[in-house]
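Trainee:
Protein chains: 2
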Amino acid sequence: MVRPRTSDTKDRIRAVALELFAEQGVQRTSLRQIAERLGLTKPALYYHFSSREELVRSLIQPLVDDVESFLARVEAEEDVDPRTLLAGYYDLYLRHRRITALVAREPDVLGYLDFAARVADWRLRLIALLAGPDPSLEDRARAVVAIGGLADCTLVFIGMPPEELRSAALNAACAALGPLLEKRS
Amino acid sequence: MVRPRTSDTKDRIRAVALELFAEQGVQRTSLRQIAERLGLTKPALYYHFSSREELVRSLIQPLVDDVESFLARVEAEEDVDPRTLLAGYYDLYLRHRRITALVAREPDVLGYLDFAARVADWRLRLIALLAGPDPSLEDRARAVVAIGGLADCTLVFIGMPPEELRSAALNAACAALGPLLEKRS
DNA sequence: GTCTATAGCAAGATAGAC
DNA sequence: GTCTATCTTGCTATAGAC
Numbered sequence: 001m002v003r004p005r006t007s008d009t010k011d012r013i014r015a016v017a018l019e020l021f022a023e024q025g026v027q028r029t030s031l032r033q034i035a036e037r038l039g040l041t042k043p044a045l046y047y048h049f050s051s052r053e054e055l056v057r058s059l060i061q062p063l064v065d066d067v068e069s070f071l072a073r074v075e076a077e078e079d080v081d082p083r084t085l086l087a088g089y090y091d092l093y094l095r096h097r098r099i100t101a102l103v104a105r106e107p108d109v110l111g112y113l114d115f116a117a118r119v120a121d122w123r124l125r126l127i128a129l130l131a132g133p134d135p136s137l138e139d140r141a142r143a144v145v146a147i148g149g150l151a152d153c154t155l156v157f158i159g160m161p162p163e164e165l166r167s168a169a170l171n172a173a174c175a176a177l178g179p180l181l182e183k184r185s
Numbered sequence: 001m002v003r004p005r006t007s008d009t010k011d012r013i014r015a016v017a018l019e020l021f022a023e024q025g026v027q028r029t030s031l032r033q034i035a036e037r038l039g040l041t042k043p044a045l046y047y048h049f050s051s052r053e054e055l056v057r058s059l060i061q062p063l064v065d066d067v068e069s070f071l072a073r074v075e076a077e078e079d080v081d082p083r084t085l086l087a088g089y090y091d092l093y094l095r096h097r098r099i100t101a102l103v104a105r106e107p108d109v110l111g112y113l114d115f116a117a118r119v120a121d122w123r124l125r126l127i128a129l130l131a132g133p134d135p136s137l138e139d140r141a142r143a144v145v146a147i148g149g150l151a152d153c154t155l156v157f158i159g160m161p162p163e164e165l166r167s168a169a170l171n172a173a174c175a176a177l178g179p180l181l182e183k184r185s
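Protein sequences appear in the order of chains R and A.
Numbering follows UniProt numbering, with no gaps: position 156 of the first sequence is 156.
Numbering follows UniProt numbering, with no gaps: position 115 of the second sequence is 115.
1) So, for residue 14 of chain A: in the same chain, excluding its five sequence neighbours on each side, which residues have a beta-carbon less than 8 Å away from its beta-carbon?
2) Is there a Cβ from chain A that is less than 7 Å from the Cβ of residue 135 of chain R?
3) If residue 155 of chain A and residue 104 of chain A are in contact, beta carbons under 8 Å, what's the gap, nearest whole angstrom?
4) Can you grab the Cα-Cα spacing for the pair residue 113 of chain A / residue 63 of chain A, in whole Å?
5) For the region 104-167 of chain A, which segments carrying the alpha helix (DSSP H) assignment without a break, of at least 4 residues, lie completely within its bounds, in sequence order?
6) Mind listing which residues of the region 96-110 of chain R have their C-beta closer than 8 Å to chain A's C-betas, in chain order?
7) Check this for me: beta carbons of residue 38 of chain A and residue 16 of chain A, under 7 Å apart or not?
8) Give the range of the alpha helix (DSSP H) segment to which residue 9 of chain A is assigned.
9) Applying the 10 Å Cβ sphere with the 16-neighbour rule, what's the burial state of residue 139 of chain A?
10) Beta-carbon of residue 138 of chain A versus every beta-carbon of chain R: anything under 7 Å?
11) Any contact of the region 105-124 of chain R with the region 126-146 of chain A, i.e. 3+ C-beta pairs under 8 Å?
12) Can you list the residues of chain A that residue 114 of chain R reaches, using a CB-CB cut of under 9 Å?
13) Just how far apart, CA to CA, sit residue 177 of chain A and residue 178 of chain R?
14) Taking C-alpha atoms, which residue in A:7, A:83, A:129 lies nearest to residue 71 of chain A?
15) Taking Cβ-Cβ distances shorter than 9 Å, what residues in chain A pair up with residue 88 of chain R?
16) Any idea what DSSP makes of residue 70 of chain R, helix, strand or coil?
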């Protein structure tokens, strides 16, 4: 029997919290509700998480880390193919779909955690990767439409055939890039 | 002196509420804060708005009404030019920029008002207008990228030259539509 | 139309027993 | 690791005087 990295209860708390957050939104879900659905009491939650904020953060952290390392990896490459970049971003969003759905529903939760500054930077870095340094407003708009539209697709088309959806979303996002698809730094 | 449609105080409350909502988010702003900044007391707010929810609703209602009437007007036309449709949608978003910014930050607020059902319908109707009846997944993705990306542009590029931004955003969104730009029902 | 005062409640969080 | 009991704070909302 391998020692689990986190306790069983801790994971159950996270699972139930995620469930309730998806039903009601993060901000409108209380610790009391989470405890009740678990069949525990509020103090029990505080044994595992030092605050409500920490519980929320522990759910979002994996997404944040994944985005950061994805960006770092891509930025280290010499030549970035736009479609490959967008595909990686799409897969990232899809892999964390339950969390990205929460964040899309209440982006503000990223603000009241300490993620605000990091997240604000992501779009700028993605734009730079797609449109190069000193991009025109037109090129920046193309990048924003591609990035934002792609993220929307992962959330809107729940239940669609994954492979077909993936290529459909990427085709649309790449089309938005227009001339940026060919221009290489 | 023309009789004002709403009282001066009512408008001041709305203005201050909007201000605080923009600073802190809708859900994390209390009536106490609004009253304090106004130099009034909480009960004074209740004289003008029967509940916190009604205050929020009264701010969002004009946007909802405008979107509904925009969609109805466009749906009544025989032949809808995609770029014209997107331009109208863009202008709508821009005209209500302060409110669309709030909603983008906490889309969930649309859910706990009674707007959820109506709003859920908007995207479907826009997709139908852009991609026609019985669209392929690919075409629906193109419509979603165009619509969502366009909305993002109104929020991301605050302070940019309006006319240049408008055409840049529309160019990108229309590019995402690809073949849908030409196909007419 | 605005006030003081307060009801009524639920939230996050802690103390301390087991 | 989980409990009972409780603290503190803040909220929406109302009663009733002016």
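Virtual Cβ for every residue (Gly too), placed ideally from N, Cα, C.
Mentor: Walking through what the data contain:
1) 55, 58, 59
2) no
3) 6 Å between Cβ atoms; contact.
4) Residue 113 of chain A and residue 63 of chain A: Cα-Cα distance of roughly 14 Å.
5) Runs of the alpha helix (DSSP H) inside the region 104-167 of chain A: 108-112, 116-131, 137-156.
6) 104, 105, 106, 107, 108
7) Judged by their CB atoms, residue 38 of chain A and residue 16 of chain A are nearer to each other than the 7 Å cut-off.
8) 8-24
9) buried
10) Taking Cβ atoms only, chain R reaches closer than 7 Å to residue 138 of chain A, which makes this a yes.
11) no
12) What residue 114 of chain R touches in chain A: nothing, since even the nearest Cβ is about 16 Å away.
13) 11 Å
14) A:129
15) Near residue 88 of chain R there are no residues of chain A at all, since even the closest Cβ is about 17 Å away, more than 9 Å.
16) helix
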